[in-house]
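Worksheet for the structure shown next.
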Amino acid sequence: MARFTLPRDIYFGQGTLEVLKTLKGKKAVIVMGGGSMKRFGFLDKVEEYLKEAGIETRLIDGVEPDPSVETVMNGAALMREFEPDWIIGIGGGSPIDAAKAMWIFYEYPEFTFEQAVVPFGLPELRQKARFVAIPSTSGTATEVTAFSVITNYKTEIKYPLADFNLTPDIAIVDSELAQTMPPKLVAHTGMDALTHAIEAYVASARSAFSDPLAMQAIAMVKENLIKSFEGDKDARDEMHIAQCLAGMAFSNALLGITHSMAHKIGAVFHIPHGCANAIFLPYVIQYNRKACEDRYAAIARTLGLNGNNDLELVDSLIELINNLNERLNIPSTIKEWGVNEADFKEKVGFMAQNAVLDACTGSNPRPIDNESMAKMYKCAFYGEKVNF
Numbered sequence: 002m003a004r005f006t007l008p009r010d011i012y013f014g015q016g017t018l019e020v021l022k023t024l025k026g027k028k029a030v031i032v033m034g035g036g037s038m039k040r041f042g043f044l045d046k047v048e049e050y051l052k053e054a055g056i057e058t059r060l061i062d063g064v065e066p067d068p069s070v071e072t073v074m075n076g077a078a079l080m081r082e083f084e085p086d087w088i089i090g091i092g093g094g095s096p097i098d099a100a101k102a103m104w105i106f107y108e109y110p111e112f113t114f115e116q117a118v119v120p121f122g123l124p125e126l127r128q129k130a131r132f133v134a135i136p137s138t139s140g141t142a143t144e145v146t147a148f149s150v151i152t153n154y155k156t157e158i159k160y161p162l163a164d165f166n167l168t169p170d171i172a173i174v175d176s177e178l179a180q181t182m183p184p185k186l187v188a189h190t191g192m193d194a195l196t197h198a199i200e201a202y203v204a205s206a207r208s209a210f211s212d213p214l215a216m217q218a219i220a221m222v223k224e225n226l227i228k229s230f231e232g233d234k235d236a237r238d239e240m241h242i243a244q245c246l247a248g249m250a251f252s253n254a255l256l257g258i259t260h261s262m263a264h265k266i267g268a269v270f271h272i273p274h275g276c277a278n279a280i281f282l283p284y285v286i287q288y289n290r291k292a293c294e295d296r297y298a299a300i301a302r303t304l305g306l307n308g309n310n311d312l313e314l315v316d317s318l319i320e321l322i323n324n325l326n327e328r329l330n331i332p333s334t335i336k337e338w339g340v341n342e343a344d345f346k347e348k349v350g351f352m353a354q355n356a357v358l359d360a361c362t363g364s365n366p367r368p369i370d371n372e373s374m375a376k377m378y379k380c381a382f383y384g385e386k387v388n389f
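Sequential numbering from 2 applies to the sequence shown in this note's numbering.
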C-alpha cells in the first residue's frame, strides 16, 4: 500500500511568520542554531507573535551544523522539564532536524537512539506536542519531510531518521528568511534541493503524486538558482518554493545513493551536506543510468536540453549539473574540496559500508554493494568516469 503524507498546513510567501499568532496552546519551545535568526530579528518576531497568541516560550539555541545525539538528548530533557504543547524549529535544516529528534525523546523518554534509527519504526507522536517548522535556507525542505538527520560523533556516522510521524504539522515557508543567506549557502542548499528532486524522480518509491512535484522543482531550480546565487531577490523567493516542492516529492518518493554517500562522508570529513550532494550527483547519475536512463532523459527533455536520444539527453543533464557546480564555485571532486588522499584511502571502506546501510540506499533505482560503493567514492575523489 502506497502512502503520500504532507504537513496539514503550509503557509508560504513573505510575511507568513505572522500565522504564529493564531496558534492555540500554552507553551512553546523554540529550537534554533547559531544565532542568525537572532541577528536578523526573526526570533524577536516569532516570540512576539507567540506572545500575542498567549503562549509562553523557552529557547534552545546553539544547535550545531550537524546536530549530535547529545544535543538532541539535552534538548529533549529541557522539553520534559518545560512541557511544551508546541515545538518550533527555526533556521536551517540542522536546528529543525534536531527539534524533530528532540520531539521523539520528549514524548518517549525511554526510547533509545538505536531504536529511533530503524526506518519507519517510531511510536506515535503528538501525545504531548505538535510541531511547526520555519526554514531559513532553501535546500533541506525538512519543514515538509518525514526525515531528520542526526550525527553520532563517536561512531562518525550520520543517521537519517525516517518516519511519517516526523512530518511537521505546520510549515511556514516565509521567503523573507531566505533573503538572509550568504552566496555559498545559497549554492550548497540550492544543489541540495536539485539533488532531492532528481533523486525523488528516479527513486523506487516514486509515484504519480511525487513526479509532478519533483519535475516542477527541477525546472524552478534550473531557472532560478544562479540568479539567486547572484543576489536576485525574486529568484531567491522562487528557490524557497522550489526546495519545498522537492521536499514534498522526496519525503514520499524517497531518495538514493547520492544522499547515502553524502551522509557518510559528511560525518567523517565534514563536507557540508549540500556541497557533498552536488559533488556526488553527476557520478551517481552515471551509475544509475543503466537502471533508469529513460527517467533522467525525461528530466533533460523537460528542461529543453540537447540530445537526439536518451543517451545524449542524459549526458546533457550531467553536463548541466557540472556547469551549475562550476558557476556556483562548488568543486567537482572530493580531492578538490580538500580531503587528504591518505585519509580518504583509510576511511573509504568504512564510508562505503555505512553508505550501503544508509536508509536512502534501499530506494536507489540500481542496487549497490560495498565494493561498488567504494568504487563510487573513488571515482568522485579522483574525478573518474563511472563505467561499471
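By construction, the Cβ of each residue, glycine as well, lies at the ideal position given by its N, Cα and C atoms.
Going by DSSP, name the residue or residues bridged to residue 172.
Position 171 of the sequence shown, counted from the start, is the residue given in the question as residue 172. DSSP, once it has assigned bridges, lists 11 and 134 as partnering residue 172.
Under 7 Å between C-beta atoms of residue 147 and residue 132
For the purposes of this step, residue 147 is taken as the residue at position 146 of the sequence shown. For the purposes of this step, residue 132 is taken as the residue at position 131 of the sequence shown. No. Outside cutoff.
Near residue 3, which residues of its chain fall below 8 Å by C-beta distance, leaving aside the five closest residues on each side in sequence?
Within the sequence shown, the letter at position 2 stands for residue 3. Taking C-beta separations shorter than 8 Å and ignoring five residues to either side along the sequence, the partners of residue 3 in its chain run 206 and 208, following chain order.
Evaluate contact between the segment 218-228 and the segment 44-62, counting only Cβ atoms and requiring at least three cross-stretch pairs below 8 Å.
Because the criterion of three Cβ pairs below 8 Å is not met, the segment 218-228 and the segment 44-62 do not touch.
Which residues does DSSP pair with residue 269 in a beta bridge?
The residue labelled residue 269 in the question sits at position 268 within the sequence shown. BP columns for residue 269 are empty, so no partner.
Could you pull the DSSP bridge partners for residue 159 from this structure?
The residue you call residue 159 lines up with position 158 of the sequence shown. Beta-bridge pairing links residue 159 to 152.
Tell me the residue span of the beta strand (DSSP E) that contains residue 102.
The count along the sequence shown starts at 1 and reaches residue 102 at position 101. Where residue 102 is concerned, there is no enclosing beta strand (DSSP E), although the alpha helix (DSSP H) it sits in stretches over 94-108.
Kindly give me the distance between the Cβ atoms of residue 383 and residue 336, rounded to whole angstroms, as I take these residues to be in contact under 8 Å.
As a working mapping, residue 383 is identified with position 382 in the sequence shown. As a working mapping, residue 336 is identified with position 335 in the sequence shown. Rounded, the Cβ-Cβ distance is 6 Å, consistent with contact.
Enumerated in chain order, which unbroken segments of the alpha helix (DSSP H) with a length of 4 residues or greater are wholly contained in the segment 336-370?
As for any alpha helix (DSSP H) of minimum length 4 sitting wholly inside the segment 336-370, the runs are 342-358, ordered along the chain.
Taking residue 263 as the reference, give the member of 84, 80 and 157 with the closest Cα.
Residue numbering aside, residue 263 sits at position 262 when the sequence shown is read from its first letter. Checked all of 84, 80 and 157; the closest Cα to residue 263 is 157.
Please determine, among 137, 210 and 269, the residue with the shortest C-alpha to C-alpha distance to residue 6.
In the sequence shown, the residue the question calls residue 6 occupies position 5. Comparing Cα-Cα distances from residue 6 to each of 137, 210 and 269, the minimum goes to 210.
So residue 304 and residue 185 are in contact, right, with Cβ under 8 Å, and what is the actual spacing, rounded?
Within the sequence shown, the letter at position 303 stands for residue 304. Within the sequence shown, the letter at position 184 stands for residue 185. That belief does not hold up - the Cβ atoms of residue 304 and residue 185 are roughly 25 Å apart, past 8 Å.
Assigned secondary structure, residue 261 (DSSP; H/G/I helix, E/B strand, else coil)
Start at 1 with the first residue of the sequence shown, and residue 261 comes out as number 260. Residue state for residue 261 is assigned as helix, using DSSP reduced to three classes.
Just checking my contact of residue 68 with residue 117 at CB under 8 Å: how many whole Å lie between their CB atoms?
Stepping through the sequence shown from its first residue, residue 68 is reached at position 67. Stepping through the sequence shown from its first residue, residue 117 is reached at position 116. About 13 Å separates the Cβ atoms of residue 68 and residue 117, ruling out a contact at the 8 Å cut-off.
Residue 253 versus 143, 293 and 242, residue with shortest Cα-Cα distance:
The residue labelled residue 253 in the question sits at position 252 within the sequence shown. Ranking the options by Cα distance to residue 253, first place goes to 143.
Among 169, 110 and 236, which has the Cα closest to the Cα of residue 1?
Residue 1 lies beyond the range of the chain shown here (2 to 389); nothing can be said about it.
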